[in-house]
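There are 2 protein chains.
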Amino acid sequence: MERFENSAEYSWHVCMSALMLKDYANEAINIDRVIKMLLIHDIGEIDAGDTIIYSSETAELKSAEAAGVARLFAMLPEGMSAEFLALWNEFEAGETPDARYAKAIDCVPPLLHNLHGNGHSWRAHDISQEKILGLNARIGLGSTELWHVIRKQLEEAFEQGILNKAL
Amino acid sequence: MERFENSAEYSWHVCMSALMLKDYANEAINIDRVIKMLLIHDIGEIDAGDTIIYSSETAELKSAEAAGVARLFAMLPEGMSAEFLALWNEFEAGETPDARYAKAIDCVPPLLHNLHGNGHSWRAHDISQEKILGLNARIGLGSTELWHVIRKQLEEAFEQGILNKAL
Chain A
867 MERFENSAEY
877 SWHVCMSALM
887 LKDYANEAIN
897 IDRVIKMLLI
907 HDIGEIDAGD
917 TIIYSSETAE
927 LKSAEAAGVA
937 RLFAMLPEGM
947 SAEFLALWNE
957 FEAGETPDAR
967 YAKAIDCVPP
977 LLHNLHGNGH
987 SWRAHDISQE
997 KILGLNARIG
1007 LGSTELWHVI
1017 RKQLEEAFEQ
1027 GILNKAL
Chain B
867 MERFENSAEY
877 SWHVCMSALM
887 LKDYANEAIN
897 IDRVIKMLLI
907 HDIGEIDAGD
917 TIIYSSETAE
927 LKSAEAAGVA
937 RLFAMLPEGM
947 SAEFLALWNE
957 FEAGETPDAR
967 YAKAIDCVPP
977 LLHNLHGNGH
987 SWRAHDISQE
997 KILGLNARIG
1007 LGSTELWHVI
1017 RKQLEEAFEQ
1027 GILNKAL
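Residue numbers (this note's numbering), protein chains in the order written: chain A, 867 to 1033; chain B, 867 to 1033.
Below you can see the structure in the form of structure tokens.
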């Protein structure tokens, strides 16, 4: 099918990845909280739209997502709304073991899509090797082991010209 | 977008539904197990294909799904593979509180799609009112309260001819 993965498909994909890779987390994590965090982490995109990660972390887009999250969670019973909002903020801040691992895994599926798809979205959006390595280094904050393997694959792909060196 | 929801989108959708409706479960449930169960419950469709529930519960299709599940889970580390397979079988059997609730919620999103979409897939597949009420009665096994509300909506829709009475 010639289209990009949407946020719902992606959310399932990233939850499955987190579940399968949980033993590689750097710190002790609560995988159930991580899954819940990842189920809801992109819900702001219903209102704000979906952008690739390299251009999504602007103040403007983050505030549109936060407004979307607030609008949607306000429809839920109060306790649930507060719980989900706290989880969403915890993910965004990325300062707890669960959030560090969740944010690490959030980088993995799009990176693998690109690695095995000749860097298609990196090319389309003109993302430099430096940016690719820079942003994805956050994988190491959640899982040193995973980042070690992926970094090596990335460098080999750059070396072999599988990804355009001039990117 | 003029297409049906696929299994990945649906799996996210049903996990979110389970999370939001958890307080309506008949029995004490472990929502984290339910979410895990629902994340993986349709994975057999990668090999077996996706069919509407009214025609999916045949011995042939179930065995194709079971074969797909066995093939995919065999790629995982042993402990994880055994855990996921046990969860998948528990869901299929539907005999524990977690599985009863999960199977109940598994009926809800497609039913709401049909209720709010003039019964499109029920019409397309020629599903009778009797079959609709019969299959979805399993919602009551997981949540009497939810089935009470949904059954009423279904009967009103049949009454008002929103769904074709002659279905």
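Virtual Cβ for every residue (Gly too), placed ideally from N, Cα, C.
*asked:* Is there a C-beta anywhere in chain A that falls below 8 Å from the one on residue 903/B?
replied: no
*asked:* Which residues in chain B have a C-beta closer than 8 Å to the C-beta of residue 877/A? List them in chain order.
replied: 878
*asked:* Does residue 1010/A come out as helix, strand or coil in the three-state DSSP assignment?
replied: helix
*Excluding five sequence neighbours on each side, which residues of the same chain lie with their C-beta closer than 6 Å to the C-beta of residue 1013/B?*
1005, 1006
*Using the C-alpha atoms, what's the distance from residue 969/A back to residue 877/A?*
13 Å
*For the segment 879-940 of chain B, list the beta strand (DSSP E) runs that are entirely contained and at least 3 residues long, ordered along the chain.*
none
_Give me, in chain order, the residues of the same chain whose beta-carbon lies closer than 7 Å to that of residue 963/A; leave out the 5 immediate sequence neighbours on both sides._
893, 894, 895
*Comparing the C-beta of residue 898/A with each C-beta of chain B, is any distance below 8 Å?*
yes
*asked:* Measuring only the C-alpha atoms, how far is residue 929/A from residue 1015/B?
replied: For residue 929/A and residue 1015/B, the distance between alpha carbons rounds to 37 Å.
*How would you label residue 870/A, buried or exposed, when you count the other beta carbons within 10 angstroms and need 16 or more for buried?*
exposed
*Distance between residue 951/B and residue 935/B (C-alpha atoms, nearest Å)*: 8 Å
*Would DSSP call residue 986/A helix, strand or coil?*
helix
*If you measure from the beta carbon of residue 874/A to each beta carbon in chain B, is any gap under 8 Å?*
yes
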